[in-house]
Amino acid sequence: MDKNDLQNKQSIKKEKSSFWKKDGFYVILFLCLCVVAGVATYVNTNPKHKNSSLSKQESKISLNNESKNTVNNAKTTESPKTNTAKDDSKKTSMDNANLVKKDTVKNNVTKNNAEKSNASVPTSTTAVASMVTPVNGTIAQSYTGVEGAMALGLDNVSRTILGEYIKVNNKGVPVYSAMSGTVSSVNGGNVVIISKDGKLKTTYDNLEPSSISIKSGDSIAQNSKIGVIGDSDNAKDRIVDCDHLYFQIDEKQSDGSYKDVNPQNYVKY
């Protein structure tokens with residue numbers, strides 16, 4: 250090999266070395282891009298690989314959907330239970346409230362009926378049916394009873410009225426027995442008669458003593474004459490300003506005593 254050939258080889262070697270130093274990076278980059286492009290083309294054009302990728306994605310989506318459905322189903326299942334429990338509790342509370350309300354109403358009705366039964370109710374139905382007015386007249390002063398408001402008399406004195414004052418036209422008007430029974434007492438112009446069954450007691454006051462022909466222990470029929478109106482009770486010009494009959498009805502109690510009641514429960518004027 251001559252000197253020229255050696256120089257040519259060295260020159261070529263230097264040119265190659267210079268090329269790789271200067272443009273080698275771009276060559277390698279180009280090759281890498283080609284490789285990447287080739288792989289991408291392969292993946293996109295290969296049906297098997299594409300289907301596998303899609304299958305994985307679909308599987309992942311399916312799992313996510315199933316998980317969501319499971320959670321929703323669990324919530325849906327639990328929600329009715331909670332609502333049912335609340336509804337049952339609410340229904341039970343309402344039922345209890347209705348029961349309490351019904352019991353309260355029932356107790357009140359029973360109590361009211363009991364109070365009505367105890368408030369001046371006739372002891373004997375037969376006696377009520379057979380009672381008649383003792384005298385022709387009108388009410389001048391009505392019954393108040395112990396529980397009622399006291400009546401203010403003409404003398405400005407307040408009194409409890411245990412019977413009623415019946416106004417008549419004048420003295421001498423006849424007075425009759427409101428029921429049949431037995432004469433319990435006769436005291437001046439005051440007569441007391443007890444019913445045959447002993448459950449009722451009637452009092453007739455302000456009679457003319459001389460007009461009374463019956464005595465204690467006598468039996469007397471209903472509507473029999475007892476006497477006539479007089480002025481023996483000194484009530485005129487104190488409680489009422491008219492000729493009158495004082496009439497009172499008492500009912501027998503469980504302890505054997507008698508308690509005044511409103512005469513209007515038996516005799517209406």
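First residue of the sequence shown? That's 250 in my numbering, and the numbers climb one at a time after it.
By construction, the Cβ of each residue, glycine as well, lies at the ideal position given by its N, Cα and C atoms.
None of the values given here were measured: they were computed from a predicted structure.
Contact annotation: Asn511 and Asp482 have beta-carbon atoms that are not nearer than 7 Å. Checking the DSSP bridge columns, you'll see Pro512 has no partner listed. The stretch 432-445 and the stretch 389-408 do not touch, with fewer than three beta-carbon pairs separated by less than 8 Å. Under the DSSP assignment, Tyr392 falls outside any beta strand (DSSP E); it carries neither an H nor an E label. DSSP lists no bridge partner for Gln471. Inter-residue distance for Phe496 and Lys448 is about 17 Å (C-alpha atoms, whole angstroms). Bounds of any beta strand (DSSP E) do not take in Val489, whose DSSP letter is neither H nor E. Within the same chain, Cβ atoms closer than 6 Å to the Cβ of Ser468 are found at Thr431, the five residues on either side in sequence being excluded. Excluding sequence positions up to five before and after Lys445, its CB lies within less than 8 Å of the CB of Ser429, Gly430 and Thr431, all in the same chain and listed in chain order.
When DSSP states are grouped into helix, strand and coil, Pro458 belongs to the helix group.
A distance below 7 Å separates the beta carbons of Gly402 and Ile488. Excluding the 5 residues flanking it on each side, Gln390 has same chain C-beta neighbours closer than 7 Å at Ala400, Ile410, Glu413, Tyr414, Ile488 and Val489, in chain order. Taking the C-beta atoms as reference points, Val384 is found no nearer than 7 Å to Asn472. As the crow flies, the alpha-carbon of Ser459 is around 13 Å from that of Pro423. Judged by DSSP secondary structure, Ile443 falls within the beta strand (DSSP E) whose first and last residues are Asn439 to Ser444. Straight through space, the alpha carbons of Tyr453 and Ile478 are spaced by roughly 10 Å. The C-alpha of Gly437 is placed about 18 Å away from the C-alpha of Lys450.
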